[in-house]
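**Student:** Under full-length UniProt numbering, the residues of the sequence shown are numbered 1 to 553, in order. Backbone N, C-alpha and C define an ideal beta-carbon position, used for all residues, glycine too.
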Amino acid sequence: MSEERSLNFIEEIIENDLQSGKYETLITRFPPEPNGYLHIGHAKAICLNFGLTQKYGGYTNLRFDDTNPVTEKTEYVDSQQADIRWLGFEWKNELYTSDYFEQLYKFAVQLIEAGLAYVDHSTAEEIAQTKGTPTEPGTDSQYRSRSVAENLDLFTRMRNGEFPDGACTLRAKIDMSSPNMLMRDPIIYRIKHAEHHRTGNTWCIYPMYDFAHGQSDSIESITHSICTLEYVSHRELYDWFIEKLNIFPSHQYEFARLNLTYTVMSKRKLLQLVNEGVVSGWDDPRMPTISGLRRRGYTPESIREFCERIGIAKRENLIELSLLEFCVREHLNKTANRVMAVLDPIKMVITNYPEGQSEVLIGENNPEAEDKGGTREIPFSKELWIEREDFMEEPAKKWFRLAPGAMVRLKFAYIVKCEDFVKDENGNVTEIHCSYIPESKSGEDTSGINVKGTIHWVSAAHAKTAEIRIYDRLFTVESPDSEEGDFKDYLNPDSIKVIKEAFIEPYLADAKQDARYQFIRKGYYSLDTDSTPEKLVFNQTVGLKDAWAKAKK
Ligand code: ATP
Ligand code: MG
Numbered sequence: 001m002s003e004e005r006s007l008n009f010i011e012e013i014i015e016n017d018l019q020s021g022k023y024e025t026l027i028t029r030f031p032p033e034p035n036g037y038l039h040i041g042h043a044k045a046i047c048l049n050f051g052l053t054q055k056y057g058g059y060t061n062l063r064f065d066d067t068n069p070v071t072e073k074t075e076y077v078d079s080q081q082a083d084i085r086w087l088g089f090e091w092k093n094e095l096y097t098s099d100y101f102e103q104l105y106k107f108a109v110q111l112i113e114a115g116l117a118y119v120d121h122s123t124a125e126e127i128a129q130t131k132g133t134p135t136e137p138g139t140d141s142q143y144r145s146r147s148v149a150e151n152l153d154l155f156t157r158m159r160n161g162e163f164p165d166g167a168c169t170l171r172a173k174i175d176m177s178s179p180n181m182l183m184r185d186p187i188i189y190r191i192k193h194a195e196h197h198r199t200g201n202t203w204c205i206y207p208m209y210d211f212a213h214g215q216s217d218s219i220e221s222i223t224h225s226i227c228t229l230e231y232v233s234h235r236e237l238y239d240w241f242i243e244k245l246n247i248f249p250s251h252q253y254e255f256a257r258l259n260l261t262y263t264v265m266s267k268r269k270l271l272q273l274v275n276e277g278v279v280s281g282w283d284d285p286r287m288p289t290i291s292g293l294r295r296r297g298y299t300p301e302s303i304r305e306f307c308e309r310i311g312i313a314k315r316e317n318l319i320e321l322s323l324l325e326f327c328v329r330e331h332l333n334k335t336a337n338r339v340m341a342v343l344d345p346i347k348m349v350i351t352n353y354p355e356g357q358s359e360v361l362i363g364e365n366n367p368e369a370e371d372k373g374g375t376r377e378i379p380f381s382k383e384l385w386i387e388r389e390d391f392m393e394e395p396a397k398k399w400f401r402l403a404p405g406a407m408v409r410l411k412f413a414y415i416v417k418c419e420d421f422v423k424d425e426n427g428n429v430t431e432i433h434c435s436y437i438p439e440s441k442s443g444e445d446t447s448g449i450n451v452k453g454t455i456h457w458v459s460a461a462h463a464k465t466a467e468i469r470i471y472d473r474l475f476t477v478e479s480p481d482s483e484e485g486d487f488k489d490y491l492n493p494d495s496i497k498v499i500k501e502a503f504i505e506p507y508l509a510d511a512k513q514d515a516r517y518q519f520i521r522k523g524y525y526s527l528d529t530d531s532t533p534e535k536l537v538f539n540q541t542v543g544l545k546d547a548w549a550k551a552k553k
């Protein structure tokens with residue numbers, strides 16, 4: 001966790017409410033619409049809602065806000081639950097707005113009976129035309145003054161399926177000249193002959209968001225209903241329904257949504273990327289979804305820490321993706337074992353090491369971990385793979401790696417000196433010949449030689465192979481949503497790079513699905529879900545340093 005921080009504005013409200021005795025038990029909810037996979041923006045809302053009841057007691061409900069039968073699926077319900085649990089939270093009750101359809105219908109009847117709702121046969125265009133503008137009042141619908149009896153009859157017939165889609169709506173009778181456009185007789189029920197993922201064909205009328213959300217909060221006695229700033233103007237309507245129906249007074253509070261650079265964050269847009277094959281699925285490691293981040297190797301701790309650091313504010317801003325990367329790097333630095341993998345191999349032959357001999361060296365797994373993560377065995381032999389970029393035929397100034405005549409330490413092993421190298425007919429270096437200094441073994445070095453560079457390596461005779469996938473930002477601009485044209489015009493064509501055959505130390509052959517590793521000098525990696533024992537596949541979670549921060553300077 002990060003340092004002590006001051007209370008955010010919602011915590012202040014809650015502390016006041018609990019102190020004044022306004023509520024005894026804090027009840028919050030997380031209300032996703034099951035129309036896609038959850039993303040990092042949802043993680044912010046999850047950490048906030050569940051975090052508050054962890055801190056102040058009470059509980060949090062998980063409510064699927066499933067009032068739109070056309071876009072919702074059980075697959076999404078399942079994935080959303082799995083993602084919340086993976087983040088480390090557990091809800092008290094699993095609830096569905098659709099479970100309240102009968103109760104919501106009764107609330108609508110109650111409004112009609114009170115003369116506060118009417119059935120309107122105007123078309124969508126007519127309703128839009130008579131809404132007025134923010135500076136001009138709207139005009140009353142010709143159906144506004146229908147009798148209660150007529151409205152009750154028509155609403156029953158709407159429910160019974162006597163009208164086709166769009167033939168009529170139920171509207172709240174509020175104020176056609178309200179300065180708040182949402183108060184100008186909002187539609188509260190519409191006809192939709194569509195199968196619902198839970199209620200099947202029981203209903204052909206469905207409540208609108210505004211008529212479902214607050215009332216569902218009220219049914220569950222939610223004390224603090226927290227949503228994003230787009231809903232500020234809905235609050236008046238939220239309160240109006242609760243007052244007119246005389247039900248439990250839940251209160252709505254709004255905070256700034258999370259916007260993150262180099263990505264988009266709406267389920268609708270992410271669905272487009274999935275449907276159009278831009279990415280391999282909702283859990284593509286480049287996606288800002290929780291499942292994508294998980295597959296990429298992010299830890300729940302790092303995402304929670306990120307949400308903690310960005311805080312809760314009342315004004316929108318754009319958070320740097322590099323902050324999220326910083327958080328995972330920081331967590332993995334403490335928890336990931338250090339291992340060796342060579343991504344762009346070139347052969348190194350140790351000329352004075354006996355042919356056919358090998359030995360086992362001991363590697364410390366994680367010097368940053370409290371228990372050092374234990375140790376492991378690393379085989380060493382005459383022929384090694386090293387990184388092509390660690391050799392320079394004509395070394396630059398301050399080059400501390402390999403070059404003709406230069407010495408480096410092989411991590412966990414010996415100091416070697418480059419004696420010679422071999423080139424093919426095209427002038428490419430194919431092999432590097434070194435001698436090693438037997439007294440320079442790591443941990444028991446008596447050679448007295450100091451070298452500045454340490455490089456990683458893998459014994460060629462013992463190496464396993466793996467595919468390595470390295471990712472970059474999905475978009476080339478910070479805010480694809482606010483650029484001209486379609487957000488997909490700004491996709492980064494180089495957002496994935498695949499190394500078909502890298503060499504990894506044999507210890508990694510037993511890599512576990514949830515384990516994360518630091519490939520020394522390369523970055524943090526974890527197994528991809530495509531990986532099999534026969535064909536290992538690793539994803540780069542994040543590099544060791546912020547490559548972009550450097551490139552931008
Ligand atoms: P999307 O457009 O991505 O579907 P949404 O707000 O329509 O977003 P919901 O499933 O309705 O998605 O959201 C569930 C909860 O998550 C809501 O309370 C919403 O306010 C919150 N939420 C959604 N996106 C963000 C975000 N970017 N930052 C913070 N909270 C968010
Ligand atoms: Mg939504």
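Per DSSP, which residues does L410 bridge with? Please list them.
**Tutor:** Note: L410 sits in a beta bridge opposite I455.
**Student:** If we ignore side chains and look at the alpha-carbon of each, how far apart do V416 and K372 end up?
**Tutor:** For V416 and K372, the distance between alpha carbons rounds to 27 Å.
**Student:** Measure the CB-CB distance between L154 and R144 and report whether it falls below 9 Å.
**Tutor:** No, the pair does not count as a contact, with Cβ atoms beyond the cut-off.
**Student:** Say yes only if the C-beta of H456 is nearer than 8 Å to one or more non-hydrogen atoms of ligand 1, and no if none qualify.
**Tutor:** No, Cβ of H456 sits at least 8 Å from all heavy atoms of ligand 1.
**Student:** Return the residue from the list H456, P480, V477 that minimises the CA-CA distance to I504.
**Tutor:** If we check each option's Cα against that of I504, H456 comes out closest.
**Student:** Compute the minimum distance between the beta carbon of P31 and the heavy atoms of ligand 1, and state whether it is under 8 Å.
**Tutor:** Yes - ligand 1 has a heavy atom lying nearer than 8 Å to the Cβ of P31.
**Student:** Check whether the Cβ atoms of P345 and I386 lie closer than 9 Å to each other.
**Tutor:** Result yes, Cβ atoms of P345 and I386 sit closer than 9 Å.
**Student:** Please return the same chain residues whose Cβ sits closer than 7 Å to the Cβ of N365, not counting the five positions on each side in sequence.
**Tutor:** Excluding positions up to five away in sequence, the list reads N337, R338, K372, G373, G374, T375, R376.
**Student:** With C-beta atoms as the reference, is E72 less than 9 Å away from P34?
**Tutor:** Against a cut-off of 9 Å, the Cβ pair of P34 and E72 comes out as a contact.
**Student:** What is the DSSP secondary structure of N259, reduced to helix, strand or coil?
**Tutor:** Note: N259 maps to strand in three-state DSSP.
**Student:** Within the present structure, is the beta-carbon of D217 separated from the nearest heavy atom of ligand 1 by less than 8 Å?
**Tutor:** No - ligand 1 has no heavy atom lying nearer than 8 Å to the Cβ of D217.
**Student:** Check whether the Cβ atoms of W91 and Y59 sit closer than 9 Å, and answer yes or no.
**Tutor:** Yes, the Cβ-Cβ distance between W91 and Y59 is below 9 Å.
**Student:** Which residues does DSSP list as the beta-bridge partners of M348?
**Tutor:** Partner(s): L384, I432.
**Student:** Compute every distance between the C-beta of S98 and the non-hydrogen atoms of ligand 1, then say whether any falls below 8 Å.
**Tutor:** Outside the cutoff, so no.
**Student:** Whose CA, out of D510, F519, A515, lies closest to the CA of P534?
**Tutor:** In the sequence as displayed, the identity of residue 534 is Glu instead of Pro. E534 has its Cα closest to that of D510, out of D510, F519, A515.
**Student:** In this structure, what does DSSP give as the bridge partners for D120?
**Tutor:** T169.
**Student:** Would S322 pass as a contact of T261 if the rule is Cβ separation under 9 Å?
**Tutor:** Result yes, Cβ atoms of S322 and T261 sit closer than 9 Å.
**Student:** Please report the straight-line C-alpha distance between I470 and A172, rounded to a whole angstrom.
**Tutor:** Distance between the alpha carbons of I470 and A172: 54 Å.
**Student:** Excluding five sequence neighbours on each side, which residues of the same chain lie with their C-beta closer than 6 Å to the C-beta of residue 590?
**Tutor:** This structure does not reach residue 590, given that the chain is present from 1 up to 553, and the question cannot be answered.
**Student:** Can you tell me whether R5 is buried or exposed, with buried defined as 16 or more other CB within 10 angstroms of its CB?
**Tutor:** Classification for R5: exposed.
**Student:** Does H331 come out as helix, strand or coil in the three-state DSSP assignment?
**Tutor:** Of the three classes helix, strand and coil, the one that applies to H331 here is helix, per DSSP.
**Student:** Report yes or no: do the region 206-218 and the region 90-105 share at least 3 C-beta pairs separated by less than 8 Å?
**Tutor:** Yes: the two stretches touch, three or more of their Cβ pairs being nearer than 8 Å.
**Student:** Look up E377 in the DSSP assignment and say whether it is helix, strand or coil.
**Tutor:** Looking at E377 - three-state DSSP - the assignment turns out to be strand.
**Student:** If you run the structure through DSSP and keep just helix, strand and coil, what is S447?
**Tutor:** In the structure shown, S447 sits in coil (DSSP, three-state: anything other than H, G, I, E or B).
**Student:** Pull up the distance between the alpha-carbon of R473 and that of A117, whole angstroms please.
**Tutor:** For R473 and A117, the distance between alpha carbons rounds to 49 Å.
**Student:** Could you tell me the alpha carbon to alpha carbon distance between D546 and N317, rounded to whole angstroms?
**Tutor:** C-alpha separation (whole angstroms): 21 Å.
**Student:** Tell me whether N35 counts as near ligand 1, meaning its Cβ is closer than 8 Å to at least one heavy atom of that ligand.
**Tutor:** Flag set: Cβ of N35 near ligand 1.
**Student:** Is the separation between the beta-carbon of F412 and that of M348 shorter than 9 Å?
**Tutor:** No, they are not a contact pair.
**Student:** Does DSSP put E467 in a helix, a strand or coil?
**Tutor:** Of the three classes helix, strand and coil, the one that applies to E467 here is strand, per DSSP.
**Student:** Mapping the DSSP letters down to three states, classify P533 as helix, strand or coil.
**Tutor:** Coil at P533, not helix or strand.
**Student:** Measuring CB to CB, does I112 end up less than 9 Å from T169?
**Tutor:** Taking 9 Å as the Cβ cut-off, I112 and T169 do not qualify as a contacting pair.
**Student:** Given that a residue counts as buried once 16 or more other Cβ atoms are within 10 Å of its Cβ, and exposed if not, what is residue 609?
**Tutor:** Limits of the chain in this structure are 1 at one end and 553 at the other, which puts residue 609 out of reach.
**Student:** Starting from K423, trace the beta strand (DSSP E) in both directions and tell me its first and last residue.
**Tutor:** Per DSSP, K423 belongs to the beta strand (DSSP E) from 415-423.
**Student:** With a floor of 3 residues, list each beta strand (DSSP E) that falls wholly inside the region 45-79, ordered by position along the chain.
**Tutor:** Runs of the beta strand (DSSP E) inside the region 45-79: 59-64.
**Student:** Buried or exposed for D528, going by 16 or more other Cβ atoms inside 10 Å?
**Tutor:** It counts as buried.
**Student:** Only counting the same chain, and skipping five residues up and downstream in sequence, which positions put a Cβ closer than 6 Å to that of Y517?
**Tutor:** Hits under 6 Å: A336, N337, V339, Y525.
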